[in-house]
Every structure is written in structure tokens, then in C-alpha cells.
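Engineer: What follows is a single structure, and I will ask about it in a moment.
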Amino acid sequence: MLAARTIRTAARINTLTPLILARGLAASHLSSLTDAIKHDHRELETYFSNILNAKDNDTKVRWQNQLVWELSRHAVGEELVVYPAMDKYISNGTAVADKDRAAHQKVKIILQDFQAMDPSDPQFEPTLKTIIADLKQHIQDEELHDIPLLEKALANNLVESAELAKSFERTKMFTPTRSHPAAPNKPPFETAVGLMTAPMDKIRDMFAKFPREDTLGRRVPENAT
Ligand SMILES: [Fe+2]
Ligand SMILES: [Fe+2]
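Counted from 1, the sequence shown has number 89 at position 89 by UniProt numbering; the numbering is strictly sequential.
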């Protein structure tokens with residue numbers, strides 16, 4: 001029975017992986033890094049609202065899993081692609097990148113608690129609101145200051161900006177989908193730890209509930225039904 005389930009699961013992964021790749025690559029049509037980052041931020045804000053406005057706990061759990069999934073990928077994608085580009089292209093960019101890494105670390109620690117919480121837990125909504133408040137400030141910093149600085153540094157190199165946008169989207173396909181605050185957040189360590197934790201996260205994803213695709217618009221984990 002276990003063997004049959006394993007075979008079915010393997011078959012499911014095999015048939016769905018190209019679909020995930022296609023979705024991820026479809027998202028890479030966003031031509032600049034600013035577009036790609038802002039697009040993710042707006043999605044995350046939608047997921048916050050959907051959790052808070054959900055009428056029942058099952059719906060809350062689905063959007064909770066979606067939020068953790070997307071936020072974890074977004075954070076690691078930035079840490080692997082965007083913040084190293086800040087280090088490289090912005091003068092004094094390391095200070096900017098380190099400030100953003102610290103903001104991520106703060107959110108990751110709370111997100112690790114939140115991802116295991118049931119909506120019936122009295123701390124569920126207060127914890128979510130703490131994440132929203134912390135992330136709101138960080139999103140503002142990125143959109144109004146940090147990413148414009150990077151785009152300005154790349155103003156004469158639009159090809160590199162477009163390449164970074166593509167790398168950001170591609171990297172997110174292979175990164176962890178759960179919060180791992182103990183993992184280092186700078187390459188090359190993030191790469192190695194990320195690749196080790198990502199497969200375990202994908203297995204957890206197979207047993208988690210996600211929003212139905214028709215309620216989402218785009219991009220869902222492989223087991224969303
Ligand atoms: Fe960020
Ligand atoms: Fe961001």
C-alpha cells in the first residue's frame with residue numbers, strides 16, 4: 001500500500017513538475033526586477049487580506065499555507081539574487097542589503113511560529129498582524145528606497161536588470177517553501193542549505209491544503225486542488 005502511494009506520489013511529481021516550471025517561467029515575463037518584486041508584494045498583501053477575511057478555518061488554512069509558501073520563496077529569492085546584486089552594484093550596497101537581510105530574519109522567526117499555528121489558536125491573528133506590520137515597513141523600504149537604488153545603479157545596464165528579474169523568478173522555483181530562520185541568508189551558504197531544505201518542504205507541501213487555482217489567479221504549489 002505504501003509502495004503504491006509512493007509510486008502515485010512520484011508519478012504526480014513527475015507530471016506536475018513541468019507545469020510548475022511553466023508557471024514560474026510565465027511569471028518571468030515581468031521585464032524588470034522592480035516589476036517582479038512589486039508583483040510578489042501585491043500578491044502577499046492579497047493573501048494577508050484573504051486570511052483575515054476568510055469565513056471559515058479551512059479557507060484560512062489554505063491561504064495561510066499559500067502565504068508561507070510565497071513569502072518563503074520570495075525572501076530566499078531576494079537573498080540569493082537581489083541582495084547580492086545590491087552588494088555588487090550599489091555603492092555602500094552591503095549596508096542596504098544587510099538591513100534587508102535583518103528585516104527578513106525578524107519576519108522568518110515569526111513566520112516559523114505562524115506556519116504551525118491553527119486558526120483556532122488565540123495567537124493566530126495577532127501573530128499574522130505582527131507579520132503584516134513588519135513586512136509593510138520592509139516592503140516600503142524595498143519599493144521606495146532599496147530597489148530604486150539598485151535600478152538606478154543598473155540604469156545603463158537594462159539587460160542585467162532583466163536578467164536579474166529572470167534569475168529571481170527561476171531561483172524561487174528551487175528554494176525552500178517554509179520558513180527556516182536558522183538557515184544562513186547569504187550565498188553560498190544559503191544556496192547549499194536552501195537546496196537541502198527545499199526537498200523536505202516540497203514533501204510537506206504535498207500534504208498541505210492550498211487555495212484552489214481558480215481563486216488564486218496564478219502560481220500554486222503542486223498539490224493545490
Ligand atoms: Fe525583502
Ligand atoms: Fe520583497
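For glycine and all other residues, C-beta sits at the position ideal for the given N, C-alpha and C.
Using alpha carbons as the reference points, say which of LYS172, ASP141, ASN65 and GLU45 lies closest to residue 232.
Structural biologist: Nothing about residue 232 can be reported from this structure: the residues present for the chain run from 1 to 225 only.
Engineer: Taking all protein chains shown into account, do 16 or more other C-beta atoms lie within 10 angstroms of the C-beta of PRO176, making it buried, or fewer, making it exposed?
Structural biologist: Along the sequence shown, one-based indexing puts residue 176 at 176. So PRO176 ends up on the buried side.
Engineer: Would the C-beta of GLU125 count as close to ligand 1, meaning under 6 Å from any of its heavy atoms?
Structural biologist: Locating residue 125 in the sequence shown gives position 125, where the first residue counts as 1. Incorrect: GLU125 has no Cβ contact closer than 6 Å to ligand 1.
Engineer: Buried or exposed for ASN53, going by 16 or more other Cβ atoms inside 10 Å?
Structural biologist: The residue you call residue 53 lines up with position 53 of the sequence shown. Exposed, by the Cβ-count rule.
Engineer: In chain order, what residues of the same chain have a beta carbon less than 6 Å from the beta carbon of residue 226, not counting five sequence neighbours either side?
Structural biologist: A query on residue 226 cannot be resolved here, the shown segment of the chain reaching from 1 to 225 and no further.
Engineer: Beta-carbon within less than 7 Å of ARG73's beta-carbon, same chain only, minus the 5 sequence neighbours each way: which residues are those?
Structural biologist: For the purposes of this step, residue 73 is taken as the residue at position 73 of the sequence shown. Closer than 7 Å at the Cβ level, and outside the excluded window around ARG73, lie LYS172, THR175 and THR177.
Engineer: Whose CA, out of SER167, ARG62, ALA75 and LEU149, lies closest to the CA of GLN105?
Structural biologist: For the purposes of this step, residue 105 is taken as residue 105 along the sequence shown, with counting starting at 1. If we check each option's Cα against that of GLN105, ALA75 comes out closest.
Engineer: Looking at ALA85: is its Cβ nearer than 7 Å to the Cβ of ALA165?
Structural biologist: Counting from 1 along the sequence shown, the entry for residue 85 is found at position 85. Counting from 1 along the sequence shown, the entry for residue 165 is found at position 165. No, the Cβ-Cβ distance between ALA85 and ALA165 is not below 7 Å.
Engineer: Can you give the Cα-Cα distance for MET117 and THR127, rounded to whole angstroms?
Structural biologist: Counted from its first residue, the sequence shown places residue 117 at position 117. Counted from its first residue, the sequence shown places residue 127 at position 127. Straight-line Cα distance between these residues: approximately 9 Å.
Engineer: ASP56 by DSSP, collapsed to three states: which one?
Structural biologist: Here residue 56 is taken as the residue at index 56 of the sequence shown, counted from 1. Assignment of ASP56 by DSSP, reduced to helix, strand and coil, places it in the coil class.
Engineer: Determine, using beta-carbon pairs with one atom in the stretch 122 to 136 and one in the stretch 84 to 102, whether at least three such pairs fall under 8 Å.
Structural biologist: no
Engineer: Is LEU80 buried or exposed, if buried means 16 or more other CB atoms sit within 10 Å of its CB?
Structural biologist: For the purposes of this step, residue 80 is identified with residue 80 of the sequence shown, where counting begins at 1. The residue in question, LEU80, is buried, as its Cβ has 16 or more Cβ neighbours within 10 Å.
Engineer: Could you tell me the alpha carbon to alpha carbon distance between ALA60 and SER91, rounded to whole angstroms?
Structural biologist: Here residue 60 corresponds to residue number 60 of the sequence shown, with the count starting at 1. Here residue 91 corresponds to residue number 91 of the sequence shown, with the count starting at 1. At residue 60 the sequence reads Lys, which differs from the Ala that was named. Cα-Cα distance, rounded: 43 Å.
Engineer: Beta-carbon within less than 6 Å of THR94's beta-carbon, same chain only, minus the 5 sequence neighbours each way: which residues are those?
Structural biologist: Within the sequence shown, the letter at position 94 stands for residue 94. Contacts found: ASP87.
Engineer: Taking the continuous alpha helix (DSSP H) assigned at ARG101, which residues delimit it?
Structural biologist: Here residue 101 refers to the residue found at position 101 when the sequence shown is read from its first residue. Start and end: 93 to 115.
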